[in-house]
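Protein sequences appear in the order of chains A and B. According to this note's numbering, the first sequence is numbered sequentially starting from 1. According to this note's numbering, the second sequence is numbered sequentially starting from 1001. Glycine included, C-beta positions come from ideal geometry on N, C-alpha and C. All values reported here derive from a predicted model rather than from experimental measurement.
Number of protein chains: 2
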Amino acid sequence: MARALNQLREQMAEVADLQAASALLDWDHQTYMPPGAAEARAQQMATIDRLAHQQLTSDSIGELLQTAQSEVEGLDLDSNEARLVKVTQRDFDRERRIPSRWVSEFSQATALAHQIWQEARGTSDFSKFEPSLERIVGLRQEYASFFEPYESIYDPLFEAFEPGMKTAQIRAVFAELRPALVDLVQRIAERADRVDDSFLHGKFEDAPQWEFGLEVLQRMGYDFQRGRQDRSAHPFTTSFSNDDVRITTRVEGELLTSALFSSIHEGGHALYEQGVDPQLQRSPLAGGASLSLHESQSRLWENLVGRSRPFWRFFFPELKERFGQLRNVSLEDFYRAVNRVRPSLIRVDADEVTYNLHIMVRFELEQELLEGRVRVKDLPPAWNQKMNEYLGIVPPNDAQGILQDVHWSGGAIGYFPTYTLGNLISVEFYQSALRDCPQIWAEMEQGRFDSLLDWLRQHVHIFGRKFEPLELLRRATGQELSPQPYLSYLHEKFTEIYQL
Amino acid sequence: MARALNQLREQMAEVADLQAASALLDWDHQTYMPPGAAEARAQQMATIDRLAHQQLTSDSIGELLQTAQSEVEGLDLDSNEARLVKVTQRDFDRERRIPSRWVSEFSQATALAHQIWQEARGTSDFSKFEPSLERIVGLRQEYASFFEPYESIYDPLFEAFEPGMKTAQIRAVFAELRPALVDLVQRIAERADRVDDSFLHGKFEDAPQWEFGLEVLQRMGYDFQRGRQDRSAHPFTTSFSNDDVRITTRVEGELLTSALFSSIHEGGHALYEQGVDPQLQRSPLAGGASLSLHESQSRLWENLVGRSRPFWRFFFPELKERFGQLRNVSLEDFYRAVNRVRPSLIRVDADEVTYNLHIMVRFELEQELLEGRVRVKDLPPAWNQKMNEYLGIVPPNDAQGILQDVHWSGGAIGYFPTYTLGNLISVEFYQSALRDCPQIWAEMEQGRFDSLLDWLRQHVHIFGRKFEPLELLRRATGQELSPQPYLSYLHEKFTEIYQL
């Protein structure tokens, strides 16, 4: 009995091993790889990715899936077995449309583009990155073509990140967010003088920032026996199994909290991956349910926890000990400073209110790129124009503009909206957790996160990829996706901070 | 024309990519991997190694080889094309005898054993490591059985490291070396008071050791754009392409020169891999010709260069600047100290004269293990007895005895004799290089190694795996493998140092 299911499991475990090897090649690429190795590495990644794709889409998997379908009939639809077949079928159906040749070309192109992007950003020279991006956009358009007919060319890309969701849903979310956010930003701008964050800017040493970040991660519950933090040009989280989930950060030293919030953000991703049911390992059910679910975790820890009063009640004295510059700063001033709202150039350092406007800029440009309404070479002025339109500022150079994010160099077009969805979902999760465990804030004031992490593990992490993102949201909170809880949270928080 | 050859090349390039991914999984395992990941990593390595083996031994490779044979007929037998077919055929014939099932079991067993060995060594508890070693010896005996009939069970293991060589050749070498070395050790022992190395022992800081090692590597010609040095429990060199050749060392701080000589040793390996003709990359001709050839490079740099007067004429003043403890030590005293001969416990720190006795202990035990004449559980007393017999000392514990080397935990049984062969070959190479380029020593006194490295590149490195080891030795030096040049070198050097 269940012979096909077991064979399916074994074959998919090998796919998982190949994917883990590919993830390690990429982690190494972004952390320790010597620069001369870029071409060889791109070939290695292309080969491994193609092999993983070939195995996943082989006829033998197709046949096993058919037999396994009948083997799981009658089982609880939410059982690991039934869900394994369902999710593998979904992945199989999607990946079968993509030729392995495309996978290998895409893998090689993006591995090469990463280094070029880094150089282009370093010299703020978009023209260096242009041919790589041209190639990637072309490959992504080709990718979309494998899924024709579609409602929007953005759909196939987005759905690969967000199973079961459509571009129209993001558009609806932004339509509701945009006026509310623009209004809030304006009202805050009139009271800008109420918050001062000058003491966060200056020269800050590397080592104490690094150590403070490690301490916060430890207290959050990140397990260093099954993970580690390194440095990279752009912070990221990667996972080679739920026993090896790694994060990176960058320490720049001009903004005191930049490395820290990046560590907390990636730590949120990592807690998710470390919390997946070990029984789901080496299977298509391992890992996060979707990118927006992932971002809901990272943004929850970064903002709802990391930019809250209870968090800093515990950690601010520790931070002060490390940085003499904060000697005369009060907890309240510090809390307000890390929540200062101001249109700015860099997405990852943006406050909670303007953050989604940065996403909107990217979401709109991505659609225009894919639809051919804007050409790659015309991106810098298009970017600057949209920044001006939504945020009222124009980047002085491309490094602080169009070149700031790693995503496109990695081929991740269609990723950005998941940050905004993640913001929305994070509030829904957090409010449910607070309802179920009112002690969360009191614990946090003592530097403990047990109840919060337990709640997230039980309601979100443990399920891995078993459920589609909105299904998981519903099961965890009883609610649908909606911008309203998020907007209420922002209004309440910033009305108080800025006395609006 | 040459269609089969081109297809062969492409398919073997994918095998090379898989092998590179496996090597990265292993490098990471030994450097940065969090401890909790050991089991998942073992599975990943098993899968990748099995896939590489399956691809290499597929029927399709067999068929391509047959056609390619005829395509290269008439070509120069030493051309890259003809040699590619020849070497791939050799690898194919060997690997076809090994079931992929064995490859995956071996890979998993050794990946798990590494961590267990490390713990066992940490607590000096052989019983912890015993079951792992039992398993590995069993797998190695099974490996040998795939090559029956054989003259010695050691042959198939040894030949995988040394194409074209037999155990009988090592025995003959040791039969010649043993009496000469034992005699030399005894004569030196009578004059032990002529060399003092007490100033090399003490407490030495980590950072200046690390930096000094990097400086020496840089001057040797190691290209940090295509490599890097990290830390690991046991130093090693690994290569993911000739554009990414990495070394590791350990800094322990009780013996001033331990980390340094380990860096120079691994640097010698790395120069070899970095110097292989780029045209051979991603092919079975990439990498070193054999382990003894590899050790000839590492031992040449470590001993013939790194323990020579011209080397220290340049570097000793630099070392003195970094370590105040050497203030009153003369260059001559330092030279003699790093060449002090004394039976000791740890192979990697052993002097040039006693070193091969350490190898003999291991070589004999390995044969007895494989032949079933000694059981794994009886290894510690057997080890101690042989140490007493050949070196006149007995380890106080297993960490400094049977557990000191990483090799067996990685399944590398049959590896140790290649160190001794490497010693022999290193002298033959070095003397040829000095004959061709008499300026080598003068350059070295200025911290330059150009002529030596050029000679090695042109006569050894560039050829990769094109030639069998003894064939390469003959081409480079016009000589056969012989212990005599090595023994003469030792006699001359140590007669002078100890005024024998």
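For the segment 27-39 of chain A, which residues have a CB atom closer than 9 Å to at least one CB atom of chain B, in sequence order? From the segment 27-39 of chain A, only W27, D28, T31, Y32, M33, P34, P35, G36, A37, A38, E39 have a Cβ closer than 9 Å to chain B.
Do S1107(B) and A1023(B) come within 9 Å of each other at the CB atom, strictly closer than that value? With contacts defined as CB atoms closer than 9 Å, A1023(B) and S1107(B) fail to qualify as a contacting pair.
I believe T354(A) touches L304(A) by the beta-carbon criterion, under 8 Å. Please report the beta-carbon distance rounded to the nearest angstrom. In fact, because the Cβ distance is near 17 Å, the residues do not count as touching under 8 Å.
Should S1022(B) be counted as a contact of the ligand GDP given a C-beta to heavy atom distance under 8 Å? As presented, the structure is devoid of all ligands, the ligand GDP included, so that no description of it is given.
I need the boundaries of the alpha helix (DSSP H) containing I247(A), first residue and last residue. Taken as a continuous stretch (DSSP letters only), I247(A) belongs to no alpha helix (DSSP H), being part of the beta strand (DSSP E) at 244-249.
Using DSSP's beta-bridge definition, name the partner residues of Q229(A). Paired residues: I247(A).
Against chain A, with Cβ distances strictly below 9 Å, would A1002(B) count as a contact? Not closer than 9 Å to any Cβ of chain A, the Cβ of A1002(B) fails to qualify, so no.
Tell me, which residues are paired with S1241(B) by DSSP? In the DSSP secondary-structure assignment, S1241(B) is bridged to D1244(B).
By the 7 Å beta-carbon criterion, what residues does the segment 1236-1259 of chain B contribute toward chain A? Contact annotation: in the segment 1236-1259 of chain B, residues whose CB is within less than 7 Å of a CB in chain A are F1240, S1241, D1243, D1244.
With a Cβ-Cβ cutoff of 9 Å, do Y1419(B) and R1307(B) count as a contact? Their beta carbons are not under 9 Å apart, which means Y1419(B) does not touch R1307(B) by this criterion.
For D1349(B), which residues from the same chain have a beta carbon less than 7 Å from its beta carbon, with the 5 sequence-adjacent residues on both sides left out? Only L1255, S1258 meet the Cβ criterion.
Quick check: is the beta carbon of A13(A) nearer than 9 Å to any beta carbon in chain B? Yes, contact with chain B.
If you reduce the DSSP assignment to three classes, tell me which class H1201(B) lands in. Three-state result, H1201(B): strand.
Cβ atoms of S1409(B) and T1048(B): under 9 Å apart, would you say? Going by the sequence as given, residue 1048(B) is Ile instead of Thr. In this structure, I1048(B) sits away from S1409(B), with a CB-CB distance that is not shorter than 9 Å.
Taking only runs that begin and end inside the segment 1363-1426 of chain B, name each unbroken alpha helix (DSSP H) of 4 or more residues, in chain order. Annotation: the segment 1363-1426 of chain B contains the following complete segments of the alpha helix (DSSP H) (minimum length 4 residues), in chain order: 1379-1391.
With 16 other Cβ atoms within 10 Å as the buried cut-off, status of D450(A): Classification for D450(A): exposed.
Buried or exposed (CB count within 10 angstroms, at least 16 for buried), S1426(B): Label assigned to S1426(B): buried.
Residues of its chain near L1470(B), where Cβ-Cβ distance is below 8 Å and the 5 sequence neighbours each way are ignored: By the criterion of a C-beta distance shorter than 8 Å, L1470(B) is surrounded in its chain by G1164, M1165, E1480, L1481, once the five residues flanking it on both sides are discounted.
Strictly below 8 Å CB to CB, what residues from chain A border L1025(B)? From the beta-carbon of L1025(B), the residues of chain A found nearer than 8 Å are A21, L24.
Identify which residue in F1147(B), F1199(B), F1174(B) has its Cα closest to the Cα of R1327(B). The shortest Cα separation from R1327(B) among F1147(B), F1199(B), F1174(B) belongs to F1199(B).
State buried or exposed for Q1279(B), treating a residue as buried only when at least 16 other CB atoms are found within 10 Å of its CB. Q1279(B) comes out exposed.
Simplified DSSP state of L1255(B), which is helix, strand or coil: Looking at L1255(B) - three-state DSSP - the assignment turns out to be strand.
Out of S1058(B), K1493(B), G1268(B), G1414(B), state which residue places its alpha-carbon closest to the alpha-carbon of M1360(B). Of S1058(B), K1493(B), G1268(B), G1414(B), the smallest CA-CA separation from M1360(B) is found for G1414(B).
How about the segment 235-252 of chain A and the segment 16-30 of chain A: do they share at least three Cβ pairs that are nearer than 8 Å? These segments touch.
From this set, D1436(B), Y1272(B), Q1007(B), which residue's C-alpha is nearest T1477(B)'s C-alpha? Of the listed residues, the one whose Cα sits closest to T1477(B) is D1436(B).
For G138(A), which of helix, strand or coil comes out of DSSP? DSSP places G138(A) within a helical segment (H, G or I) once states are collapsed to three.
Tell me the residue span of the alpha helix (DSSP H) that contains P156(A). 154-161 is the extent of the alpha helix (DSSP H) around P156(A).
Out of curiosity, what's the CA-to-CA distance linking W210(A) and R231(A)? Straight-line spacing of the CA atoms in W210(A) and R231(A) works out to 10 Å.
Tell me which same chain residues have a C-beta within less than 7 Å of the C-beta of E95(A), skipping the five on either side of it? These residues qualify, in order along the chain: H53, L56, T57.
What do you get for N1006(B), buried or exposed, if any count of 16 or more other CB atoms within 10 angstroms of its CB means buried? Only exposed fits N1006(B), as fewer than 16 other CB atoms lie within 10 angstroms of its CB.
Are any of the Cβ atoms in chain C nearer than 9 Å to that of Q281(A)? Absent from the structure is chain C; the protein chains it does hold are A and B.
Quick check on F1224(B): buried or exposed, where buried means 16 or more other Cβ atoms within 10 Å of its Cβ? Burial call: exposed.
For chain A, check one thing: does any of its Cβ atoms lie closer than 9 Å to the Cβ of D1206(B)? Not one chain A Cβ lies under 9 Å of D1206(B).
Give the C-beta separation of L271(A) and L453(A) to the nearest angstrom, bearing in mind that I take them to be a contact with Cβ-Cβ under 8 Å. Under the criterion of beta carbons closer than 8 Å, L271(A) and L453(A) qualify as touching, at roughly 7 Å.
Proximity of H1461(B) and Q1274(B) at Cβ, strictly below 9 Å: Taking 9 Å as the cut-off, the Cβ atoms of H1461(B) and Q1274(B) count as close.
For L456(A), which residues in the same chain have their Cβ closer than 6 Å to its Cβ, ignoring the five residues on either side in sequence? Once the five neighbours on either side are set aside, L456(A) has no close Cβ partner at all.
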